[in-house]
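Reviewing the structure listed below.
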Ligand SMILES: Cc1ncc(COP(=O)(O)O)c(C=O)c1O
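In our numbering, the protein residues as written are 56 to 408.
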């Protein structure tokens, strides 16, 4: 399907003259920089951080692109993928006019950013098997629907969305389709990045917060057709990725092997914990996970949650979320943490038997 991305962009964003920073206006090498009102003396902390960073982070994007088999110009970096979600909604959805579709239970920030941007929200719940309800999605789409947000592997359910269903939407919806792949490195499924050439409306989001172990850096990625990325670059804050984050992320990318080892360990722990929890009579269901957490159904989620808090162990109580009644979401911890968690759940279960 051919899609004119420009048709989807808000008129005021199309017309916008973006801010032109000092580093946009002069990109070359020079001996003396007196163009950006920085502190030329440096900082007492370190002499390296007195200059503004590269607004488009080319060095970092080149390295990410080579690892992810895409091109630097297909990448937008955000202050966490949360910023990527906000920018996309802000660029493409006209407040009080357009809408986005989400499929709950899913990551909460799609809805929050729709609300912040005063954009309509349509919810099409997943099926009981936590897959897409294609018929309901088709019925929900209207002329003002700009973006469908899909999350795979999905948070909080942990499962991957069936690839053919995602392809069906990509082929039939003439707006943007986001696939939030925050947890893709823990998954048996392959990323949609390789499909970018096929689908101009495909927008992939990934993050350094999960598999890369760098949640505190706040670094997220939007990977999409250059028509989409160019629009997002137009509206992002000029220096949204700070210098320290760019440097540390570059270093992290040099350590792919150790990151892959960590992912392997977490996946092994996930499988161990899922098996152990499934063996407890107290646990009603352990949902299959392609992520670094598992969703678990128990008879008394609030009781178990409170008990774990009292023991100093915090999991996420999802029991008031649609289709997750009675469920706790448990992030995979270290081997020691997982064993302690299991022992405490066993202790709680004994008390309720
Ligand atoms: C599905 C999903 N997308 C995005 C995010 C946010 O990621 P970031 O830390 O990059 O903002 C999260 C965080 O939990 C998430 O679960």
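A virtual CB, placed ideally from N, CA and C, is assigned to each residue, including glycine.
Quick caveat, the model's predicted, so the values are computed rather than measured.
Hey, would you say the C-beta of residue 342 is under 7 Å away from at least one heavy atom of ligand 1?
False, no ligand heavy atom lies under 7 Å from that Cβ.
Which residues have a Cβ closer than 6 Å to any heavy atom of ligand 1, listed in chain order?
The set, ordered by position in the chain, is 135, 136, 137, 162, 206, 210, 235, 237, 262, 264, 270, 275.
Using 8 Å as the cut-off, can you tell me whether the segment 71–91 makes contact with the segment 102–112, which would need three or more C-beta pairs spanning the two stretches below that distance?
Because the criterion of three Cβ pairs below 8 Å is met, the segment 71–91 and the segment 102–112 touch.
Examine the Cβ distances between the segment 153–172 and the segment 272–286 and report whether three or more of them are shorter than 8 Å.
Too few Cβ pairs lie closer than 8 Å, so no.
Tell me whether residue 273 sits in a helix, a strand or coil according to DSSP, three-state version.
Coil.
If you follow the beta strand (DSSP E) that residue 261 is in, where does it begin and where does it stop?
Counting along the chain, the beta strand (DSSP E) containing residue 261 begins and ends at 257–262.
Specify whether the segment 131–145 and the segment 259–278 touch according to this definition: at least 3 beta carbon pairs, one from each stretch, less than 8 Å apart.
With a cut-off of 8 Å, the segment 259–278 and the segment 131–145 count as touching, because enough Cβ pairs lie within range.
What number of angstroms, rounded off, separates the C-alpha of residue 254 from the C-alpha of residue 264?
Each residue's alpha carbon lies about 26 Å from the other.
Specify whether the segment 326–341 and the segment 166–181 touch according to this definition: at least 3 beta carbon pairs, one from each stretch, less than 8 Å apart.
Contact between the segment 326–341 and the segment 166–181 is absent, because fewer than three Cβ pairs lie under 8 Å.
Do residue 148 and residue 201 have their beta-carbon atoms positioned less than 8 Å apart in this structure?
Contact flag set, yes.
Our contact map puts residue 262 next to residue 237 with C-beta atoms below 8 Å; I'd like the distance itself, whole angstroms only.
Indeed, because the Cβ distance is near 5 Å, the residues count as touching under 8 Å.
Please list, in chain order, all residues of the same chain as residue 91 whose beta carbon is under 8 Å from its beta carbon, the five residues on each side excluded.
Excluding positions up to five away in sequence, the list reads 76, 77, 78, 106, 107.
Just to confirm, are residue 221 and residue 242 a CB contact at a threshold of 8 Å?
Not in contact: residue 221 and residue 242 (Cβ atoms no closer than 8 Å).
Can you tell me whether residue 116 is buried or exposed, with buried defined as 16 or more other CB within 10 angstroms of its CB?
With 16 or more Cβ atoms within 10 Å of its Cβ, residue 116 is classed as buried.
Mind checking residue 103: buried by the 16 CB within 10 Å criterion, or exposed?
Burial call: exposed.
From the DSSP output, which residues share a beta bridge with residue 133?
Paired residue(s): 275.
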